[in-house]
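Novice:
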Amino acid sequence: MDAQVFKKRILSAAQPSGNLTLGNYLGALKNWADLQKDFECFYCVADLHAITLKQEPSLLRQRSLQTLALYIACGIDPQKVTFFIQSHVPQHTQLSWVLGCSTMFGELSRMTQFKDKSQRHADNINVGLFTYPVLMAADILLYQANLVPVGDDQRQHIELARDIAKRFNANYSETFTIPEAYILKSSARIMSLQDPTRKMSKSDPNPSACIFILDSKDEILKKCKRAVTDSEAVVAADPARPGIYNLVQIYSALTGKSAEEVAAEFAGRGYGDFKAAVGETCADALAPVREEYARLTADKAYLEEIMKNGAEKASYIAQKTVSKVYRKVGFYQPR
Ligand code: ATP
Ligand code: LTN
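Counting with the working numbering, you get residues 85 to 419 for the letters of the sequence shown.
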């Protein structure tokens, strides 16, 4: 019997809203690659989500392809997983409408990402930004995913997806698998290098705040050197000192050493040494990804083939869920 049948299913996504960062790599992509052995994985480029903030159309188009190429360059094997672009699978928006009718205004009002993004983009507090988590619930529930590997910033959205699924199941009978967030502690939240109280985010307007996966070694070393720390000059895993704590977390996630081991390794040495080591380690970890990315983007036809095949497979599975949901809520279906 095929062992595949018993694998648990995983779904995750990243938005093509900017150049992917070290936060995306450690919080998401690196884990996605590790999970492909043991799970049936669906990895999506969430372009529908991306337009909740203003996007330049030609850049969005370019970044969707780039994001897909980066997934593969990070070691995720297109033979083993299903990659697709969210807007290529119309079932996402079809399910989203129905789920929106099982979601309360108050629930969405409590989402911290909405509060945060509407504060930062006060000139564009659109309805899509508000209903963003409903579309995300549809992404997950369409595939009956068991696990959703994300960074800690997405925990609240997964909780909401669970609540929506449970409510729908209670109202219309068992329909959706209840998903669980899968969050790796060590790399859960990589912070900005310029303001270590905020997460490193690809849509941050200050490029010094982020290490981008495709940054050159020089850029990475420079950004680490300039990272905001404090004046204590002792390398320690102390959350009360967010700048240095963040660098310890990064070094620890990349080397597999515990935070205490990192502190011991740099005991008695200044921040200069430590920042240089963090920079070197980041650059070494990202160099193979950059090389593979260059190779892949030279072959656009190959990437397009992957996205077409992926969309077809995703759509086939997603349609089963949509048909079931449409029948259960009472939409007329002629024979
Ligand atoms: P944006 O800045 O446009 O909101 P983002 O950088 O937060 O985007 P997403 O595309 O929304 O990135 O997220 C992709 C994945 O990367 C998610 O699983 C998210 O939890 C994870 N992630 C994003 N930023 C970080 C971070 N700083 N630390 C750890 N994980 C992160
Ligand atoms: N909202 C997520 C991206 C995202 C996602 C998803 C993650 C869109 N749909 C489904 C997991 C599952 C983010 O901002 N990181």
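Cβ coordinates follow ideal geometry from the N, Cα and C atoms, glycine included.
1) Shorter than 7 Å, the distance from the beta carbon of M220 to the closest heavy atom of the ligand LTN, or not?
2) Can you find a heavy atom of the ligand LTN that lies under 7 Å from the Cβ of A97?
3) In or out: E124 buried (at least 16 other Cβ within 10 Å) or exposed?
4) Just the C-alpha distance for D236 and E243, rounded to the nearest angstrom, thanks.
5) Is H241 a contact residue of the ligand LTN, with contact defined as CB to any heavy atom under 7 Å?
6) In chain order, what residues of the same chain have a beta carbon less than 6 Å from the beta carbon of A249, not counting five sequence neighbours either side?
7) Under 7 Å Cβ to Cβ from R310, same chain only, skipping five residues before and after it: list those, please.
8) Nearest-angstrom Cα distance between I401 and L183?
9) For K138 and N208, which I take to be in contact (beta-carbon distance under 8 Å), what is that distance rounded to the nearest angstrom?
10) For L305 versus G363, is the C-beta spacing smaller than 8 Å?
11) Thinking C-alpha only, which one of Q228, D118, A245 is nearest Y216?
12) Alpha carbon to alpha carbon, how far is E140 from E345?
13) Based on Cα-Cα distance, which residue from R325, L113, V165, L143 lies nearest to R93?
14) By Cβ distance, which residues of its chain are closer than 7 Å to S148, with the 5 residues on each side in sequence left out?
15) How close, in whole Å, do the beta carbons of I390 and L152 come, if the pair is a contact with beta carbons under 8 Å?
16) What distance in whole Å lies between the Cβ atoms of T405 and Q228, which are believed to be in contact at a cut-off of 8 Å?
17) Is it the case that the CB of N108 approaches a heavy atom of the ligand ATP more closely than 7 Å?
18) M195 and Q238 - do their beta-carbons sit closer together than 8 Å?
19) Hey, would you say the C-beta of A112 is under 7 Å away from at least one heavy atom of the ligand ATP?
20) On the premise that A317 lies in contact with A343, defined as a C-beta separation below 8 Å, what is that separation, rounded to the nearest angstrom?
21) Whose CA, out of T381, Q178, G102, lies closest to the CA of A222?
22) Quick check for students: name the residue ranges of the beta strand (DSSP E) that lie wholly in the segment 210-258, counting only runs of 3 or more.
23) Could you tell me the alpha carbon to alpha carbon distance between C308 and K199, rounded to whole angstroms?
24) DSSP on M275, reduced to helix/strand/coil?
25) May I ask whether a heavy atom of the ligand LTN can be found less than 7 Å away from the beta carbon of D200?
26) So F252 and S186 are in contact, right, with Cβ under 8 Å, and what is the actual spacing, rounded?
Specialist: Let's see:
1) yes
2) yes
3) buried
4) 12 Å
5) yes
6) L225, F260, I262
7) S292
8) 18 Å
9) 6 Å
10) yes
11) A245
12) 45 Å
13) V165
14) P100, V129, D131, I169
15) 7 Å
16) 7 Å
17) yes
18) no
19) yes
20) No, A343 and A317 are not in contact; Cβ-Cβ is about 18 Å, not under 8 Å.
21) Q178
22) 231-233
23) 30 Å
24) strand
25) no
26) 5 Å
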